[in-house]
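Chemist: Got a structure for you, written out below as structure tokens; questions coming shortly.
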Amino acid sequence: MQPDERDVVPGLIVLLRDCVEGGASVGFMWPLSIDDAASFWHGVLDRVGEGERILFVAEDDDGRVVGTVQLLFAAPENQPHRGDIAKMLVHPDARRRGLGQALMRAAEDAARAAGRSLLVLDTAGDEATRLYERMGWQRVGTV
1102 MQPDERDVVP GLIVLLRDCV EGGASVGFMW PLSIDDAASF WHGVLDRVGE
1152 GERILFVAED DDGRVVGTVQ LLFAAPENQP HRGDIAKMLV HPDARRRGLG
1202 QALMRAAEDA ARAAGRSLLV LDTAGDEATR LYERMGWQRV GTV
């Protein structure tokens, strides 16, 4: 995604709000206002423009945003090999169709291309945990 492609923000707002309303543990609580969600996504796009992260967005055949994930590069100086996966969201209507796996593969491929050999993420959901484990991710702890 190019940093000037802010026309996707309305779809990202709907996706984030729908997922949070459905109980997604992604740093927000319901009710999540449209203004707060918009502010979040505009901040994400600002950081994309600064090269701190890559934002992946999936749309359905009708152009509706149905999924997203971020690959973060901002890490401590002693960890240039590390990237973080953040805000993996798949709309409830689009789950169980391989979209989450496709988004994660895109992020993993981009990380490899950027020279990152270690990716980390945290998750609170059982469904997401199963996805990551099926993809070969290793659990390193539970909080």
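Counting from 1102, one number per residue, gives the positions in the sequence shown under the numbering used here. Glycine is no exception: its CB is placed at the ideal position from the N, C-alpha and C atoms. All values derive from a computational prediction rather than experimental measurement.
1) Might you give, ordered along the chain, the residues of its own chain that have their beta carbon closer than 6 Å to the beta carbon of A1175, omitting 5 neighbours on each side?
2) Which whole runs of the beta strand (DSSP E) in the region 1194 to 1230 are 3 residues long or more, in chain order?
3) Where does the unbroken beta strand (DSSP E) through E1160 begin, and where does it stop?
4) Any Cβ of chain D within less than 8 Å of the Cβ of D1185?
5) May I ask you to list the residues that DSSP assigns as paired with G1123?
6) For I1114, which residues in the same chain have their Cβ closer than 8 Å to its Cβ, ignoring the five residues on either side in sequence?
7) State yes or no: is the C-beta of D1161 within less than 8 Å of the C-beta of V1170?
8) Check whether the Cβ atoms of H1192 and L1219 sit closer than 8 Å, and answer yes or no.
Modeler: With the structure as the only source:
1) Numbered from 1 along the sequence shown, position 74 holds the residue referred to as residue 1175. So the qualifying residues of the chain are E1153.
2) Here the runs fully enclosed are 1219 to 1221.
3) Locating residue 1160 in the sequence shown gives position 59, counting from the first residue. Taken as a continuous stretch (DSSP letters only), the beta strand (DSSP E) holding E1160 covers R1154 to E1160.
4) Considering every chain present, this structure includes no chain D. It has just one protein chain.
5) The residue given as residue 1123 occupies position 22 in the sequence shown. Its beta-bridge partners do not exist; DSSP assigns none.
6) Numbered from 1 along the sequence shown, position 13 holds the residue referred to as residue 1114. I1135, A1138, A1139 and W1142, listed in sequence order.
7) Residue 1161 sits at position 60 when you count from the first residue of the sequence shown. Residue 1170 sits at position 69 when you count from the first residue of the sequence shown. No, the pair does not count as a contact, with Cβ atoms beyond the cut-off.
8) Position 91 of the sequence shown, counted from the first residue, corresponds to residue 1192. Position 118 of the sequence shown, counted from the first residue, corresponds to residue 1219. Taking 8 Å as the Cβ cut-off, H1192 and L1219 do not qualify as a contacting pair.
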